[in-house]
Amino acid sequence: MSAGSPKIVLDHVTVAFGERLVVQDVSVVLQEHDLLCIVGTSGSGKTTLLRAIAGLLPLHSGRVLLDGMLRLRPTPRMAMIFQHFGLFPWKTVRANIAYGLAVQGRRDEDGTIARLLEVMGLTEHATRYPYQLSGGMQQRVGLARALAVRPEVLLLDEPFSAVDAITRETLQGELIRLWEDPQRRQTTAILVTHDLDEALLLGDRIVVLGGTPGQVCLELDVSIPRPRTPQDLRFHPDYPQLRRQLWEALQEGRTPSQASAPGTVRLGEGK
Amino acid sequence: MKTPTVHSTPLDVALPHRTAPQRARAQLSQRLTWGLRGVSLVIILVLWEWYGRRTNPILFTYPTAIARAALDMLTGRSMVAAALLDIPATALYATPMVALVPLLVLWFGFGTPAKIMVVLLFTIFPVLINTRRGVREVDPRLVEVAHAFCSNEYRLWLDLVLPSALPFVMTGIRLAIGRALIAVIVAEFYTAISGLGYLIVSNAHTFQTARVFVPVVILMILGVITTGLLEVAEARLAPWRQAQS
Numbered sequence: 028m029s030a031g032s033p034k035i036v037l038d039h040v041t042v043a044f045g046e047r048l049v050v051q052d053v054s055v056v057l058q059e060h061d062l063l064c065i066v067g068t069s070g071s072g073k074t075t076l077l078r079a080i081a082g083l084l085p086l087h088s089g090r091v092l093l094d095g096m097l098r099l100r101p102t103p104r105m106a107m108i109f110q111h112f113g114l115f116p117w118k119t120v121r122a123n124i125a126y127g128l129a130v131q132g133r134r135d136e137d138g139t140i141a142r143l144l145e146v147m148g149l150t151e152h153a154t155r156y157p158y159q160l161s162g163g164m165q166q167r168v169g170l171a172r173a174l175a176v177r178p179e180v181l182l183l184d185e186p187f188s189a190v191d192a193i194t195r196e197t198l199q200g201e202l203i204r205l206w207e208d209p210q211r212r213q214t215t216a217i218l219v220t221h222d223l224d225e226a227l228l229l230g231d232r233i234v235v236l237g238g239t240p241g242q243v244c245l246e247l248d249v250s251i252p253r254p255r256t257p258q259d260l261r262f263h264p265d266y267p268q269l270r271r272q273l274w275e276a277l278q279e280g281r282t283p284s285q286a287s288a289p290g291t292v293r294l295g296e297g298k
Numbered sequence: 574m575k576t577p578t579v580h581s582t583p584l585d586v587a588l589p590h591r592t593a594p595q596r597a598r599a600q601l602s603q604r605l606t607w608g609l610r611g612v613s614l615v616i617i618l619v620l621w622e623w624y625g626r627r628t629n630p631i632l633f634t635y636p637t638a639i640a641r642a643a644l645d646m647l648t649g650r651s652m653v654a655a656a657l658l659d660i661p662a663t664a665l666y667a668t669p670m671v672a673l674v675p676l677l678v679l680w681f682g683f684g685t686p687a688k689i690m691v692v693l694l695f696t697i698f699p700v701l702i703n704t705r706r707g708v709r710e711v712d713p714r715l716v717e718v719a720h721a722f723c724s725n726e727y728r729l730w731l732d733l734v735l736p737s738a739l740p741f742v743m744t745g746i747r748l749a750i751g752r753a754l755i756a757v758i759v760a761e762f763y764t765a766i767s768g769l770g771y772l773i774v775s776n777a778h779t780f781q782t783a784r785v786f787v788p789v790v791i792l793m794i795l796g797v798i799t800t801g802l803l804e805v806a807e808a809r810l811a812p813w814r815q816a817q818s
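Heads up: the protein sequence lines correspond to chains X and Y, in order.
In case it helps, our numbering puts the first sequence at residues 28 to 298.
In case it helps, our numbering puts the second sequence at residues 574 to 818.
Written out as structure tokens, the structure reads:
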């Protein structure tokens, strides 16, 4: 990874609902154009952590730094993609994609919306409403809406878990393709998933969150070279070993007594 | 009409029918006064808005924030207002409004004002209660989407609260239409000097059954037409709801 100041720093982030800690003492450093996957079982606080990074939840303690600046509230520099798609039922596909730009008072200067419609294969659906689209199409709209604001940081909350397996693989392929687009060299992403293969397919690094409250059990660099396809991944010699490591960390996280000591996890050699 | 006046100002020329220039001037200056008052009010509000938005919201506020808070309280986004208004509103809604008609006639007489009041009382609660429910039924996940994209509160209303409340408002209006027809007829039964209700009562009293049915049929047609119009309006306003049900 390129040396330089980190894009995102999670510094001993702890999130609580009332008195109950949900995420405890998570420290991660991300460089620009890193794609970090956060893996965990349900209830490990991975979605909560992502919402806290987005500024939708207050931190109990710790800090989130974006380009070295403290980030407390949602910022137009980040965009989020939701498991439930989060489309507005009363807006057409085009209006949904344009939503981010509209609320941020920005104009679609260079035909971003039209290009995204094209890239996502949504051009002919532009005037339709979300209920007229399949789940996969709806999440394409969600992805396009997030990309339309040209975010520096993309936050993806189990983006493909609500679509069927075949659509999921297609969408993962599209995400990889978008990710490797030279235009997006400045984008950094954090993706939350419970699918180990998805994490191995998409992530540069993987953080396993486990225990109650959720803590970092393992951090892993994915050594398999890009660009990856699901086939490349499964037949790569490193794959079985990486997957076993993840699996064991997840199992470990489920039994709190054996949980590995929470500590600072440094990702990225640039620091 | 040409009236040679001593004080021939452009304002006098603008009103040639006024023979007495003093009177014309007085009236115009009154209009001018109201104009000036309006302008000053607008300037004050704009300045207030401009200054208020630049100030810490804990220390000061601005007009649109106040308007929005009022709207919140009226429609159910405010917990305080909900606590204050829920029981009185429900109590009034549950009261058989027919019971109040004699009282309203006593207060407002036999004329149109009484009828208007009766219709208002019959219709306001279904609309109000449904609107409040609609505003509360906003999908919290979409509220989070709006916050994630840094929507301000005004845009939140525009993009989220109003569209998601719209079907509820429509349901309220649909209920209100039926109740409005009842209200008019009941009011006219009581006042009994004009209208469809009067025709029904007076013809029934003289056993002219065929004549009784004329206003009844008219009422049916009215009900069907207004409900149909409402459906057309809803399809226009909320196209995303088509084919969902």
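Each residue gets a CB set at the ideal place from its N, CA and C atoms; glycine is no exception.
Quantities reported herein were computed from a predicted structural model and do not represent experimental measurements.
- Query: In chain order, what residues of the same chain lie with their CB nearer than 7 Å to the CB of K73(X), ignoring the 5 residues before and after it?
  - Reply: I65, G67, V219, L236 and G241
- What is the rounded straight-line gap between the Cα of Q781(Y) and the Cα of A806(Y)? 39 Å
- Query: Which whole-angstrom value describes the C-beta separation of D184(X) and F109(X), a residue pair presumed to lie in contact below a C-beta threshold of 8 Å?
  - Reply: 6 Å
- Query: Which residue's Cα is closest to the Cα of G200(X): E179(X), E225(X), R133(X) and V50(X)?
  - Reply: E225(X)
- Query: How long is the line joining the alpha carbons of E59(X) and V120(X), rounded to whole angstroms?
  - Reply: 30 Å
- Query: Out of D248(X), C244(X) and L205(X), which has the shortest C-alpha to C-alpha gap to E275(X)?
  - Reply: C244(X)
- Can you find a C-beta in chain X that's less than 8 Å from the C-beta of E807(Y)? False, the Cβ-Cβ gap to chain X never drops below 8 Å.
- CA-CA distance, L84(X) and V42(X)? 8 Å
- Query: Mind checking Y126(X): buried by the 16 CB within 10 Å criterion, or exposed?
  - Reply: buried
- Message: Comparing C-alpha positions only, which one of L48(X), N123(X), L77(X) and G169(X) sits nearest to S88(X)?
- Response: L48(X)
- Message: I'd like the list of long-range same chain contacts for T696(Y), defined as Cβ closer than 6 Å, with 5 residues on each side in sequence excluded.
- Response: So the list reads A749, R752 and A753, once near-sequence residues are dropped.
- How is V53(X) classed by DSSP in three states: helix, strand or coil? strand
- Message: Could you compute how far the alpha carbon of V718(Y) sits from the alpha carbon of P699(Y)?
- Response: 31 Å
- Query: Going by the beta-carbon positions, is the gap between N123(X) and R177(X) smaller than 8 Å?
  - Reply: no
- Item | DSSP-derived helix/strand/coil call for F44(X) | strand
- Message: Please report the distance separating the alpha-carbon of H580(Y) from that of L605(Y).
- Response: Below a pLDDT of 50, predicted positions are generally treated as unreliable, and H580(Y), at 48, falls in that range; no measurement from the model is reported.
- What in chain X is Cβ-close to P736(Y), meaning under 9 Å? Near P736(Y) (Cβ distances below 9 Å), the residues of chain X are F115, P116, W117 and K118.
- Item | Positions along the stretch 73–92 of chain X whose CB lies within less than 9 Å of some CB in chain Y | R78, A81, G82 and L83
- Query: From the beta carbon of F187(X), is the nearest beta carbon of chain Y less than 8 Å away?
  - Reply: no
- Query: Which runs of the alpha helix (DSSP H), 4 residues or longer, sit entirely within the stretch 104–159 of chain X?
  - Reply: 120–130 and 139–146
- Item | Separation of E196(X) from M147(X), as counted between CA atoms | In a straight line, the C-alpha of M147(X) is about 15 Å away from that of E196(X).
- Kindly list the residues whose CB is nearer than 7 Å to the CB of P103(X), restricted to its own chain and excluding five residues on each side of it in sequence; keep chain order. Q131 and V176
- Query: With 16 as the cutoff for other CB atoms within 10 Å, does W623(Y) come out buried or exposed?
  - Reply: exposed
- Query: Shorter than 8 Å from the beta carbon of Q131(X) to some beta carbon of chain Y?
  - Reply: yes
- Out of I203(X), G162(X), H263(X) and R98(X), point me to the one whose CA is closest to L62(X)'s CA. I203(X)
- Message: Extract the residue ranges of the alpha helix (DSSP H) inside the stretch 614–698 of chain Y, only unbroken runs of 4 or more that lie entirely within it.
- Response: 636–648, 652–667 and 674–681
- Task: With distances taken Cα to Cα, identify the nearest neighbour of A662(Y) among V711(Y), P675(Y), V708(Y) and I702(Y).
- Result: I702(Y)
- Item | For H39(X), the three-state DSSP class (helix, strand or coil) | Looking at H39(X) - three-state DSSP - the assignment turns out to be strand.
- Query: Whole-angstrom Cβ separation of T704(Y) and V734(Y), contact assumed at under 8 Å?
  - Reply: With 8 Å as the limit, T704(Y) and V734(Y) do not qualify as a contact, their Cβ atoms being about 11 Å apart.
- Message: 8 Å is my cut-off, CB to CB: does F741(Y) come that close to chain X?
- Response: no
- Message: Under 8 Å, with one C-beta from each stretch per pair, do the stretch 757–776 of chain Y and the stretch 671–687 of chain Y reach the 3-pair mark?
- Response: yes
- Query: Leaving out five residues before and five after L273(X) in sequence, what residues of the same chain have Cβ atoms less than 8 Å from its Cβ?
  - Reply: V66, L223, A226, L227, I233, V235, L245 and L247
- Any idea what DSSP makes of L754(Y), helix, strand or coil? helix
- Might you give, ordered along the chain, the residues of its own chain that have their beta carbon closer than 7 Å to the beta carbon of I746(Y), omitting 5 neighbours on each side? V700 and L803
- Range of the contiguous beta strand (DSSP E) that encloses A216(X): T215 to T220
- Message: I'd like to confirm something about L218(X): is its beta-carbon nearer than 7 Å to some heavy atom of the ligand NAP, or not?
- Response: With respect to the ligand NAP, the structure offers nothing, as it holds no ligand at all.
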